[in-house]
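Residue numbers (this note's numbering), protein chains in the order written: chain A, 32 to 141; chain B, 17 to 199. What follows is one structure encoded as structure tokens, with my remarks underneath.
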């Protein structure tokens, strides 16, 4: 795997949220999913900045939905994971798993 | 939270993100705000909204810098300011021998300053509109710094303070008008 292909922790979290939400993945739902599952408060700006970075790398793609009244007539931007994104996520998760393998006892002691 | 406050916050966000992203981001904020208003008080929702805005602005600012949008504007504005200072000195040295009256000298200083700043505002706006706005701010800041120095009448310094940003905006407006006519 070439250098620089590992995802950052926030990138992984955002991608996992997009994966969990499936067809309903857009800025607000991604933000709420992260907050609900990690207990970590995250800004909508951070979610969009991360998704923009992931899209530039070709890991996610987006498309514009229909505008709705509850959003002040503004359209949603839906996100989905691309094949390259699945590979990058797998590689990052495997790297973390391999690095932490056999360390569970030491972890508990610390 | 008043409508004008909401509009102002949305304006800030729209300046920091590309148009398509800004529309989705503001829509998300409005949708979640509406959901929260159904469950919580106006005060707590307003607090949440401002926290979201305060934590989003630095991240989006950094992202827009990475996109290079800001960098072009900053470089254009700073280069325009340097050009305006040089142009002002050239104009002043050309006009200086024309008279010995100090009042006429003062007026010439003001006019050469306004002309140089307006010309650079025109050029900056034709490259990027944001650069002209930034130039107006930089001119204002530079004149503010000058006014703190000793010497010179207060009304005269005040005129520079008003004329600087106004001339920049006038130059930028002229550039915008010319572009519209060409279209």
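Ideal placement from N, C-alpha and C gives every residue a C-beta, glycine not left out.
_Let's see if you can read the secondary structure: which residues bound the alpha helix (DSSP H) around residue 116 of chain A?_
The sequence position of residue 116 of chain A within the first chain is 85, counting from 1. Start and end: 114-131.
*Which chain B residues are close to residue 59 of chain A, counting only those with a beta carbon under 7 Å from its beta carbon?*
Locating residue 59 of chain A in the first chain gives position 28, counting from the first residue. The contacting residues are 44, 47, 48.
*asked:* If we define contact as Cβ-Cβ less than 7 Å, is residue 20 of chain B a contact residue for chain A?
replied: As a position in the second chain, residue 20 of chain B is number 4, starting the count at 1. For residue 20 of chain B, the answer is no, since every Cβ of chain A falls outside 7 Å of its Cβ.
_Please return the same chain residues whose Cβ sits closer than 7 Å to the Cβ of residue 78 of chain A, not counting the five positions on each side in sequence._
Numbered from its first residue, the first chain carries residue 78 of chain A at position 47. For residue 78 of chain A, where only same-chain residues beyond five positions count, the Cβ hits under 7 Å are 45, 58, 61, 62.
*Would you verify that the beta carbon of residue 90 of chain A is, or is not, closer than 7 Å to some beta carbon of chain B?*
Counted from its first residue, the first chain places residue 90 of chain A at position 59. Not closer than 7 Å to any Cβ of chain B, the Cβ of residue 90 of chain A fails to qualify, so no.
*Taking the continuous alpha helix (DSSP H) assigned at residue 83 of chain A, which residues delimit it?*
Residue 83 of chain A sits at position 52 when you count from the first residue of the first chain. Start and end: 75-87.
*Across which residues does DSSP place residue 61 of chain B in a beta bridge pair?*
Counting from one through the second chain, the residue named residue 61 of chain B turns up at place 45. Per DSSP, none; premise fails for residue 61 of chain B.
_In the DSSP output, which residue or residues are listed as bridge partners for residue 57 of chain A?_
If you number the first chain from 1, residue 57 of chain A lands on position 26. In DSSP, residue 57 of chain A forms a bridge with A/109.
*When burial is assigned at 16 or more other CB atoms within 10 Å of the CB, is residue 109 of chain A buried or exposed?*
Locating residue 109 of chain A in the first chain gives position 78, where the first residue counts as 1. Its Cβ being crowded by 16 or more others within 10 Å, residue 109 of chain A is buried.
*Considering only C-alpha positions, which residue in the set B/65, B/34, B/87, B/161 is nearest to residue 150 of chain B?*
The count along the second chain starts at 1 and reaches residue 150 of chain B at position 134. Across the set B/65, B/34, B/87, B/161, the C-alpha of B/87 shows the shortest separation from the C-alpha of residue 150 of chain B.
*Starting from the beta carbon of residue 71 of chain A, find every residue of chain B whose beta carbon is closer than 7 Å, and list them in chain order.*
Counting from 1 along the first chain, the entry for residue 71 of chain A is found at position 40. None at all; the shortest Cβ gap to chain B is about 12 Å.
*Nearest CA to the CA of residue 50 of chain B: which residue from B/159, B/39, B/64, B/117?*
Taking the second chain and counting its residues from 1, one reaches residue 50 of chain B at position 34. The residue from B/159, B/39, B/64, B/117 with its alpha-carbon nearest to that of residue 50 of chain B is B/64.
_Spatial distance of residue 186 of chain B from residue 139 of chain B (CA atoms)_ = In the second chain, counting from the first residue as 1, residue 186 of chain B sits at position 170. In the second chain, counting from the first residue as 1, residue 139 of chain B sits at position 123. Their backbone Cα atoms lie some 12 Å apart in a straight line.
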